[in-house]
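Residue numbers (full-length UniProt numbering): 1 to 139.
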């Protein structure tokens, strides 16, 4: 039995995914979670709706098995809170919870603008699903 199969037995309804859109970004962001710096993430409404249709969208209380860039399980997190917020209404407080760069709103805006442009969904007015989570288990 693989580690992932074992985890799915412990957390049967857990979603399995990785942060970002590249192995390098997945590795970088999961390390921020493991160190306790990253306690939130966000996605575009379009991406969230796509996940929802596939039955793969997080919800408050859901467990998530987070993979590194090589697809190996690194930790389990649990979703604590979700809210809809527009890109141009992001606050310093929320941006810092994502744990990236210097934790500033400006860093968050620059990095996420590039990310959502790659996704093809960027707009200053775009709606985001902002998800806060807690680290349950380091693997």
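Glycine included, every Cβ here is placed at the ideal spot set by N, Cα and C.
Checklist entry - Under three-state DSSP, which class holds residue 60? => result Coil.
Checklist entry - On the three-state DSSP scale, how would you describe residue 23? => result Annotated three-state conformation of residue 23 is helix, per DSSP.
Checklist entry - Looking only at DSSP bridge pairs, what is residue 86 linked to? => result Paired residues: 127.
Checklist entry - Relative to the alpha-carbon of residue 97, which residue among 12, 32, 3, 4 has its alpha-carbon at the smallest distance? => result Of the listed residues, the one whose Cα sits closest to residue 97 is 32.
Checklist entry - Between 46, 51, 17, 1, which lies nearest to residue 78 when the distance is taken from Cα to Cα? => result Out of 46, 51, 17, 1, 17 has the C-alpha closest to the C-alpha of residue 78.
Checklist entry - Where does residue 78 fall in DSSP's three states? => result Correct three-state label for residue 78: strand.
Item to check | Whole-Å CB distance - residue 68 paired with residue 14, under 8 Å assumed | outcome: Not confirmed; about 16 Å, so no contact.
Checklist entry - Got a sec, what are the start and stop residues for the alpha helix (DSSP H) residue 96 sits in? => result 92 to 97 is the extent of the alpha helix (DSSP H) around residue 96.
Checklist entry - Among residues of its own chain, excluding the 5 on either side of residue 20, which ones have a beta-carbon nearer than 6 Å to its beta-carbon? => result Within the same chain, residue 20 has close Cβ partners 26, 29.
Checklist entry - Among 10, 135, 3, 12, which has the Cα closest to the Cα of residue 76? => result Among 10, 135, 3, 12, the Cα nearest to that of residue 76 is on 135.
Checklist entry - In terms of residues, what are the limits of the beta strand (DSSP E) holding residue 40? => result Its beta strand (DSSP E) spans residues 40 to 44.
Item to check | Alpha carbon of residue 66 to alpha carbon of residue 74, nearest angstrom | outcome: Between residue 66 and residue 74, the C-alpha separation is close to 6 Å.
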